Structure formats: C-alpha cells, structure tokens
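Have a look at the structure below before the remarks.
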C-alpha cells in the first residue's frame, strides 16, 4: 500500500512538472511572437557544402529532418523554436591558404543567399537591426551573415570591405588557429593578442559597421580588441569560463568589462564547453585510443569496450542554463544572448538536439525566476541594441577614408 501510494504521488509530481514545462514553453513562444529570438551562430551553410553538394535544393528543409539527416536545422524546427533572426556562419577551414579561404568564404556567402532565395516565404536577408524588426514583423526569419575566421580576408582591408558590401555583418577574428595578426584561444600565441594590423582591422570594422566577434580568440586578443574598438563587441558562440574552464569560454575578467563595453556574450551549447565532465571524458577517450593505437573515429572492439565501461557523462538543458545565468550574474542581464552553434558540432545536450529547443531553454530560465523583460533581452533585445550601437559608430565615421593599412609580412 505504501509503495503504491508513493508511486502514485511520484506519477502526479511528474505530470505536474511536465504540465508546468509545457506552460513555460507556451509562454516563451508567446514572448517570441513580438521579440525576435536572434541566434548568433549556425553552421548550416557548411553542412550544405559538406553533405549536399552546396545545393540548398538537395535537402528538403521544409520537412522535419530530425530523423532523416544529421542536420540540427530545418524550417519546421526553426518555427517551433521561435527563431526570428539567424546569423548564418560562413565558415571555411583555417587549413586553407589565405587566398583559398577568401574564395571559399565568398562561395559560402553565396550559399546563404541561395538558401534564402530557395525559401523566400520563410527567409529574407537582413543587414541592419531595423531589417530584423521588419522581417520578424512580417512573419519571416531574418537571415544575416557572419564570417568565422579572420584568415578569410587574406590580410586585405579591401577584401574585408567587399565582404561587408556582400552583406557580412560580423567577423570572428580567429578560428582554431592563430593568424598572422591575432592569437587564437586554441593555438600557441604568437602576438600577445593583436598585432598593429589586427588593431587596424578592428578599427576598420568599426568604420564600416561590421561587428567584432571575439569567440575563438585568446584572452589577450579579447582585451586588445575591446580596448581598440569604439563599438561594442560580441561573442557569437561562447560560454562562461567561470563555470567550465575551457579556453573557448569567456573569463570572468572579460565578462566584467561587458557593462562598460556594451557588448554581448551569446552562450553556446557545445557539451565540451558547458560541461567539464564531458571534456574530461573526451580527453580520456583520446588517451585510450592512443594507448590502443587506433583512431577514435574508426571501428574498434577494444575502444567500444572502453566506452561501454566508461559511459559519456550526460549534458543537459541545466548546463546551458547554468552558463546563461553566470554570464548574467557577472556581466549583467543586458549583456547575454544565445548562440547555439547548431550544425557546427557533432553532439548536443539532451533536450537541445535542434533549433526547436529555444522555448525549452527559456522556460527553464523562467522557472528560475527570469522575468518576461529579462527573457526579451536575452532572446533578442540585447543583440538589437548592440547592432544599433555598431551602426551608429559607423554612421559617425562616414566621412573617414578607408584604411590602407598594409597586410602583415608573412
């Protein structure tokens, strides 16, 4: 009898919790009807290049692709997630030569434009904050473009300006490798931050109205860029180092500068960045693969046995919420946003398997006391403010001449 009563009580609690979660998600979707959720980073264009011949027509994005492909993104899930504006990443590998990278990045810009043209009833290109408001008000998804890696400009201010004319509205100064003018977070430092040319790039981005993205850069590069930039900076897809000690995350010292800088940290969902136990597990897996003399990606009965004996730690919505809350606590509610990195990673947290997860995340935050006004800031208002500030700085520099700073000597 006691056991039956306990089971019944547990069942009631579970149903009540599920009902509260559904109510929270419904409330989040209602908020997103009038405030555009702006995601800072999505790698769908690279997935199209790698797996679908760079052709948006070779995959039916109008269908829910959750089970039929490896994609995290499709139109039904974007709609279910309440996404109102998406920065599409035009990533190319840092292993390319500078000229190869410039060409491939322009091809990726073209991919975004063809993606938008393939679904004009859903997407429209945007280049300003006002564009986002208008397009979202029309019931479509504003599509913006961000370069992921400063090597794409091939050391040329002219190429940088042409990317801006093509519609690019942010550039991540580095990716996984240190460039000739900026240190990366995940490579050996060479410059103690930015070189003189790197600082000139930041100033020219201010002049033309391109946001300076500091995801992937070293802490010294972050500090240099924030010192030089007259406009607020962004982190398009980074989390909090104070929660998970990973070099891709933003240290508290930099978070504390956000209030003065006016910028935004768009929290990403990569398990290794938000769950230290996951990162430790990956390191242990790599060590075991090396001991066995096998590739971690190749079939191996011995490695499979190790994985079975050492299950990968779970990463959940709670880890995402912890990082969002930490950025808010240290930087302030005006300086936090969302940058999922969907289709740029092979693994995502439980409950955050695709772009439809945003109402779930927002509901979890509201359950912890976030107000509707807080949610609106996180979802999109903070990014709109940053964009308008960047646009205002560019307008104030309209009379200045373009930079002719020479490329760094190689």
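Numbering (this note's numbering), first residue to last: -14 to 395. Yeah, the Cβ is synthetic: ideal placement off N, Cα and C, and Gly gets one too. Here the structure is a predicted model, which is why all the values come from computation and not from measurement.
Item: Taking all protein chains shown into account, do 16 or more other C-beta atoms lie within 10 angstroms of the C-beta of residue 155, making it buried, or fewer, making it exposed?; Value: buried
Item: To which residues does DSSP link residue 126 through a beta bridge?; Value: 108
Item: Pop quiz: residue 144 and residue 126 are said to be a contact at Cβ under 8 Å. What is the actual Cβ separation, rounded to whole angstroms?; Value: Residue 144 to residue 126, Cβ: 28 Å. No contact.
Item: Quick one, which of 75, 353, 252 has its alpha-carbon nearest residue 309's?; Value: 252
Item: May I have the straight-line CA-CA distance separating residue 81 from residue 93, to the nearest angstrom?; Value: 14 Å
Item: Hey, which unbroken runs of the beta strand (DSSP E) at 3 residues or more fall wholly within the region 280 to 331?; Value: 321 to 323
Item: Could you pull out every residue in the same chain whose Cβ sits closer than 6 Å to the Cβ of residue 394, ignoring the five residues on either side in sequence?; Value: none
Item: Would you call residue 28 buried or exposed, if buried means 16 or more other Cβ atoms sit within 10 Å of its Cβ?; Value: buried
Item: What residue range is occupied by the uninterrupted alpha helix (DSSP H) comprising residue 31?; Value: 29 to 36
Item: Helix, strand or coil for residue 70? Go by DSSP, reduced to three states.; Value: strand
Item: Which of helix, strand or coil does DSSP assign to residue 93?; Value: helix
Item: Kindly indicate which residue of 130, 303, 119, 280 has the alpha-carbon position closest to the one of residue 76.; Value: 130
Item: So, at 6 Å on beta carbons, what are the nonlocal neighbours of residue 369 in its own chain, with the 5 sequence-adjacent residues on each side left out?; Value: 114
Item: Below 8 Å on the Cβ atoms is my contact criterion, and I expect residue 23 with residue 69 to pass it. Report the Cβ-Cβ distance as a whole number of Å.; Value: 7 Å
Item: Between which two residues does the alpha helix (DSSP H) harbouring residue 265 extend?; Value: 261 to 277
Item: If we call anything under 9 Å between Cβ atoms a contact, is residue 121 one with residue 161?; Value: no
Item: Let me know the secondary structure DSSP gives residue 195 once reduced to three states.; Value: coil
Item: Do residue 183 and residue 158 have their CB atoms nearer than 9 Å?; Value: yes
Item: Taking 9 Å as the CB-CB cut-off, is residue 161 touching chain D?; Value: Going by chain labels, chain D is absent from the structure shown, which holds only one protein chain.
Item: According to DSSP, which residues form a beta bridge with residue 133?; Value: 157
Item: First and last residue of the beta strand (DSSP E) that includes residue 346?; Value: Where residue 346 is concerned, there is no enclosing beta strand (DSSP E), although the alpha helix (DSSP H) it sits in stretches over 343 to 352.
Item: With a CB to CB cut of under 7 Å and the five nearest residues on each side skipped, what residues in its chain are close to residue 299?; Value: 335
Item: What is the DSSP secondary structure of residue 57, reduced to helix, strand or coil?; Value: coil
Item: Counting Cβ pairs closer than 8 Å, one from the region 34 to 53 and one from the region 133 to 153, do we hit at least three?; Value: no
Item: Need the endpoints of the beta strand (DSSP E) that residue 249 sits in, please.; Value: 249 to 252
Item: Tell me which same chain residues have a C-beta within less than 6 Å of the C-beta of residue 224, skipping the five on either side of it?; Value: 234, 252, 253, 258, 259, 308
Item: Strictly by DSSP, which residues pair up with residue 115?; Value: DSSP output for residue 115 lists no bridge partner at all.
Item: In three-state terms, what does DSSP make of residue 172?; Value: coil
Item: Pick from 341, 376, 327: whose alpha carbon is nearest that of residue 30?; Value: 327
Item: Rounded to whole angstroms, what's the CA-CA distance from residue 357 to residue 330? Just pull it up for me.; Value: 30 Å
Item: Would you check if the region 313 to 326 and the region 275 to 293 touch, i.e. whether three or more CB-CB distances between them fall below 8 Å?; Value: no
Item: Counting beta carbon pairs with one atom in the region 263 to 282 and one in the region 198 to 213, are three or more of them shorter than 8 Å?; Value: no
Item: I'd like the span of the alpha helix (DSSP H) that includes residue 149, first residue to last.; Value: 142 to 150
Item: With distance defined between alpha-carbon atoms, name the residue in 320, 366, 140, 313 nearest to residue 391.; Value: 140
Item: Name the DSSP beta bridge partners of residue 182, please?; Value: None; residue 182 has no bridge partner.
Item: Taking the CB atoms as reference points, tell me whether residue 367 and residue 319 lie closer together than 9 Å.; Value: yes
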